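In numbering that gives the first Met the number 0, the protein residues as written are 0 to 268.
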Amino acid sequence: MEDMATQELEALQYIRYEANDAIGYITLNRPEKRNALSSELVTELKHAFEYAENDPHCKVVVLRAEGPAFCAGADLAYIQELQNFGYTDNLADSTHLMQLFHQIYTLKKIVIAQVQGHALAGGCGLATLCDFSFAVPEAKFGYTEVKIGFLPAIVSVFLLRKIGEARTKQLLLTGEVFSAEKAAAYNLINEVVPAEQLADHVHRFARKLCVENSGQSMEITKEMIARIPELPLEESLRYAARLNAEARGSEDCRRGISAFLNKEKITWN
Numbered sequence: 000m001e002d003m004a005t006q007e008l009e010a011l012q013y014i015r016y017e018a019n020d021a022i023g024y025i026t027l028n029r030p031e032k033r034n035a036l037s038s039e040l041v042t043e044l045k046h047a048f049e050y051a052e053n054d055p056h057c058k059v060v061v062l063r064a065e066g067p068a069f070c071a072g073a074d075l076a077y078i079q080e081l082q083n084f085g086y087t088d089n090l091a092d093s094t095h096l097m098q099l100f101h102q103i104y105t106l107k108k109i110v111i112a113q114v115q116g117h118a119l120a121g122g123c124g125l126a127t128l129c130d131f132s133f134a135v136p137e138a139k140f141g142y143t144e145v146k147i148g149f150l151p152a153i154v155s156v157f158l159l160r161k162i163g164e165a166r167t168k169q170l171l172l173t174g175e176v177f178s179a180e181k182a183a184a185y186n187l188i189n190e191v192v193p194a195e196q197l198a199d200h201v202h203r204f205a206r207k208l209c210v211e212n213s214g215q216s217m218e219i220t221k222e223m224i225a226r227i228p229e230l231p232l233e234e235s236l237r238y239a240a241r242l243n244a245e246a247r248g249s250e251d252c253r254r255g256i257s258a259f260l261n262k263e264k265i266t267w268n
């Protein structure tokens, strides 16, 4: 299974994967097309995230891109091709993208977006559904689907959870293109970082998570945050109490509490 996964990884055309310092880097590598999303690129991203999730050398994942744009959304040639699809084929293609977004949102490992350029339409969704996102001041964001008669359907599910109904309506119904500073003010990204500092900033942030936090605790906390909003109050509390109790018996918890009580500095990676 591992050999098969490695062979698939080496065969990727539109992205690269590498792991350094316990950080798995997934790099969009289609700069001549502004890293636009095609069916093939989405397939390769799904393979890479699956590999990263199971890679013992990766504790945190960074999604980044080559070229001046992070991701320009759907490939224009592919959009033209979709015009000839019937409903069944279009549903399959839409489900393909939905699976990628769901995969990132529920990935067992933390995913950080390193946005070095414009992130528009589907690319904006890709950048903003990650657990953490950092962008350069020059980056532009926007869910521009309504401007071409399309729908920002899949990303709406995540935006409603992340920023609420009022802001989601503002962004999706206007299709406005906005600055990185506004993206941060809207809580779509975490921080705006000068271009020359972005890579180092993301690396330091990712390493801080690797070294200071239990990977098991981050995994379960991420899952908990995703699940609780869909549960009724009493059920969500019972779910939280169960996770709390299970965590107390974990090896990571015993190790962390022992270090705390003995005033020892713990390094998780």
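Just so it is clear, CB atoms sit at the ideal spot from N, CA and C, and this is done for glycine as well. These numbers were taken from a predicted model, which means no experiment stands behind them.
Please list the terminal residues of the continuous alpha helix (DSSP H) segment that includes residue i.
{"i": "LYS168", "result": "152-173"}
{"i": "GLN215", "result": "214-226"}
{"i": "LYS45", "result": "38-53"}
{"i": "SER235", "result": "232-247"}
{"i": "VAL252", "result": "The question names Val, but residue 252 is Cys in the sequence shown. Note, CYS252: alpha helix (DSSP H), 250-260."}
Per the DSSP calculation, residue i is bridged to which residue(s)?
{"i": "THR26", "result": "ARG15 and ARG63"}
{"i": "GLU190", "result": "PHE133"}
{"i": "CYS70", "result": "ALA118"}
Going by DSSP in three states, residue i sits in which element: helix, strand or coil?
{"i": "ILE109", "result": "strand"}
{"i": "LEU178", "result": "Position check: residue 178 holds Ser in this sequence, whereas Leu was assumed. DSSP places SER178 in strand when its eight states are reduced to three."}
{"i": "LEU119", "result": "strand"}
{"i": "PHE84", "result": "coil"}
{"i": "TYR185", "result": "coil"}
{"i": "LEU128", "result": "coil"}
{"i": "GLU7", "result": "helix"}
{"i": "THR94", "result": "helix"}
{"i": "ILE103", "result": "helix"}
{"i": "GLU290", "result": "Past the boundaries of the shown model lies residue 290; the chain is included only from 0 to 268, so the question cannot be answered."}
{"i": "ASN268", "result": "coil"}
Under a Cβ-count criterion, where at least 16 other Cβ atoms within 10 Å of its own Cβ denotes burial, should residue i be classed as buried or exposed?
{"i": "GLN196", "result": "exposed"}
{"i": "PRO151", "result": "buried"}
{"i": "THR266", "result": "exposed"}
{"i": "ARG241", "result": "exposed"}
{"i": "LEU75", "result": "exposed"}
{"i": "ARG254", "result": "exposed"}
{"i": "ASN83", "result": "exposed"}
{"i": "LEU172", "result": "exposed"}
{"i": "GLN115", "result": "buried"}
Could one say the Cβ of residue i lies closer than 7 Å to chain C's Cβ atoms, at least one of them?
{"i": "VAL135", "result": "Reference to chain C is not applicable here, since this structure consists of a single protein chain."}
What residue range is occupied by the uninterrupted beta strand (DSSP E) comprising residue i?
{"i": "PHE140", "result": "139-141"}
Can you give the Cα-Cα distance for residue i and residue j, rounded to whole angstroms?
{"i": "MET15", "j": "LEU260", "result": "In the sequence as displayed, the identity of residue 15 is Arg instead of Met. So the two alpha carbons sit approximately 43 Å from each other."}
{"i": "LYS139", "j": "ARG63", "result": "15 Å"}
{"i": "ASN89", "j": "ALA68", "result": "26 Å"}
{"i": "VAL61", "j": "HIS46", "result": "15 Å"}
{"i": "GLU250", "j": "GLY141", "result": "43 Å"}
{"i": "ILE231", "j": "ILE224", "result": "Here the sequence assigns Pro to residue 231, which means Ile is not the residue at that position. Cα to Cα, the separation comes out at about 14 Å."}
{"i": "ALA118", "j": "CYS70", "result": "5 Å"}
{"i": "ARG29", "j": "ARG160", "result": "30 Å"}
{"i": "LYS107", "j": "HIS101", "result": "12 Å"}
{"i": "ARG33", "j": "GLY66", "result": "7 Å"}
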